[in-house]
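Start counting the sequence shown at 21; every next residue gets the next number (this note's numbering).
Note sheet for the following structure.
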Amino acid sequence: IRTEGLSFLMSPPEDTSDKTSIELELLENVGRRLKEEDIDSIRKYDKNVLDEYYHIIEQFSLRVDMDEINDLVQDVRMICVSEKNKHQRKRPIEIAKRQGFELKESVKSVSSSYPSSHAAESMFISLYLAEQFPLYKEVFMETANKIANSRLLSSNNYPTDNLAGQTIAHVLFNRYKEDKEK
21 IRTEGLSFLM SPPEDTSDKT SIELELLENV GRRLKEEDID SIRKYDKNVL DEYYHIIEQF
81 SLRVDMDEIN DLVQDVRMIC VSEKNKHQRK RPIEIAKRQG FELKESVKSV SSSYPSSHAA
141 ESMFISLYLA EQFPLYKEVF METANKIANS RLLSSNNYPT DNLAGQTIAH VLFNRYKEDK
201 EK
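Here it is, written out as structure tokens:
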């Protein structure tokens with residue numbers, strides 16, 4: 021995916037900002053209401069994002085170029101890593117206690133939280149597959165949302181991290197389509 025000339029994201033809210041406090045409060049409230057099926061969902065979607073799409077592709081016997089999808093996901097992942105390195109936003113669990121919040125961390129993540137790679141990768145794959153198979157668009161988009169939401173349920177991402185990841189996916193997918201049309 022061609023990325024020159026693209027400016028992806030504004031900086032995330034500061035750790036001590038009111039917006040971050042509101043997001044932490046939301047994550048704390050979500051954590052208090054977790055059910056067993058939520059924990060199962062967190063574990064299911066914590067793995068490689070592509071795994072869930074492989075399952076859907078098999079389930080519906082769809083013919084796709086998996087090499088191209090893998091290459092595109094690698095591009096999305098590299099861009100997310102670059103943005104994570106640029107912004108260095110700490111995971112919610114890292115700052116929650118300092119601000120008086122108690123979050124339940126279900127899975128551990130090692131990199132910065134902004135933007136959410138899970139949200140970016142899953143949304144990009146869903147956009148890519150939905151264009152090829154419009155009949156299954158709802159299934160793909162639902163999958164992207166479940167994957168992104170699992171990062172909120174696990175207190176690994178702030179809502180703004182997910183939004184940033186989905187924004188990257190849309191920008192990159194539009195660039196991908198432009199390049200394909202040339």
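Heads up, the beta-carbon is just placed ideally off N, CA and C, and yes, glycines get one too.
Specify the secondary structure class of residue i as computed by DSSP and reduced to three states.
{"i": "K117", "result": "helix"}
{"i": "S133", "result": "coil"}
{"i": "I21", "result": "coil"}
{"i": "K124", "result": "coil"}
{"i": "E34", "result": "coil"}
{"i": "V84", "result": "coil"}
{"i": "K110", "result": "coil"}
{"i": "N90", "result": "helix"}
Hey, how far is the Cα of residue i from the Cα of residue j?
{"i": "I76", "j": "K124", "result": "30 Å"}
{"i": "L192", "j": "F144", "result": "8 Å"}
{"i": "E141", "j": "R52", "result": "28 Å"}
{"i": "L147", "j": "V96", "result": "13 Å"}
{"i": "N49", "j": "I42", "result": "11 Å"}
{"i": "A164", "j": "D60", "result": "16 Å"}
{"i": "P33", "j": "S81", "result": "43 Å"}
{"i": "D58", "j": "L173", "result": "7 Å"}
{"i": "E56", "j": "T36", "result": "32 Å"}
{"i": "K202", "j": "I167", "result": "32 Å"}
{"i": "D91", "j": "D71", "result": "15 Å"}
{"i": "K117", "j": "V84", "result": "45 Å"}
{"i": "S102", "j": "G120", "result": "31 Å"}
{"i": "V93", "j": "E151", "result": "16 Å"}
In the DSSP assignment, the alpha helix (DSSP H) including residue i goes from what residue to what residue?
{"i": "S146", "result": "S137 to Q152"}
{"i": "E72", "result": "V69 to Q79"}
{"i": "Y186", "result": "The question names Tyr, but residue 186 is Gln in the sequence shown. Run containing Q186: P179 to E201, per the alpha helix (DSSP H) assignment."}
{"i": "K157", "result": "K157 to L173"}
{"i": "L29", "result": "It is not in any alpha helix (DSSP H) - L29 carries neither H nor E in the DSSP assignment."}
{"i": "K64", "result": "E56 to D66"}
Three-pair Cβ contact test at 8 Å for the segment 172 to 186 versus the segment 109 to 116 = At 8 Å Cβ cutoff, the stretches touch.
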